[in-house]
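Residue numbers (the numbering used here): 241 to 341.
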């Protein structure tokens with residue numbers, strides 16, 4: 241007779257255990273350095289802003305999928321913000337603050 245073992249609640253049976261606080265701290269630092277709000281990340285990921293804050297604080301469990309979605313949201317936001325930045329040079333490529341003398 242084969243015994244059934246309960247699935248580990250920390251790793252969900254994968255055998256991988258993550259330090260959720262450390263991951264959350266690192267990803268929050270990346271988000272802040274990129275200048276992206278937690279609300280913007282939440283919108284892109286499809287989660288609530290509260291859930292993102294709890295993840296960053298280490299109060300919810302990170303999964304590999306969540307980390308991928310989070311980093312994708314940061315990349316997607318930085319790509320969009322770079323594309324929407326106005327051209328800050330003059331028509332001839334000169335700085336807008338320099339006058340043509």
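Beta carbons are placed, not taken as given, at the ideal position from N, Cα and C, and that holds for glycine.
Remember, predicted model here, so these are calculated numbers, not experimental data.
Span of the alpha helix (DSSP H) around residue i
| i | result |
| --- | --- |
| residue 290 | 289-296 |
| residue 278 | 278-285 |
| residue 264 | 260-274 |
Residue i classed as buried or exposed, judged by whether at least 16 other C-beta atoms fall within 10 angstroms
| i | result |
| --- | --- |
| residue 272 | exposed |
| residue 331 | Confidence at residue 331 is low in this model, with a pLDDT of 47, below 50, so its placement is unreliable and the value that follows should be read with caution. Residue 331 comes out exposed. |
| residue 292 | buried |
Candidates the options, of which the one nearest residue i by Cα
| i | options | result |
| --- | --- | --- |
| residue 316 | 280, 297, 300 | 280 |
| residue 249 | 277, 284, 300 | 300 |
| residue 226 | 308, 244, 276 | Residue 226 is absent from the model: the chain starts at 241 and stops at 341. |
| residue 320 | 309, 284, 303, 304 | 284 |
Expected contact under 8 Å - CB spacing of residue i and residue j to nearest Å
| i | j | result |
| --- | --- | --- |
| residue 306 | residue 264 | Not a contact, Cβ separation roughly 10 Å. |
| residue 261 | residue 298 | 3 Å |
Residue i CB to nearest heavy atom of the ligand MG below 7 Å
| i | result |
| --- | --- |
| residue 315 | The ligand MG is not part of the structure shown, which contains no ligands of any sort. |
Beta-carbon proximity list for residue i, same chain, < 7 Å, skipping 5 on both sides
| i | result |
| --- | --- |
| residue 251 | 257 |
| residue 288 | 282 |
Neighbourhood of residue i by C-beta distance below 6 Å, restricted to the same chain and skipping five residues each side
| i | result |
| --- | --- |
| residue 268 | 296 |
Test: residue i CB closer than 8 Å to a CB of chain B
| i | result |
| --- | --- |
| residue 294 | Among the protein chains of the structure shown there is no chain B, as only one such chain exists. |
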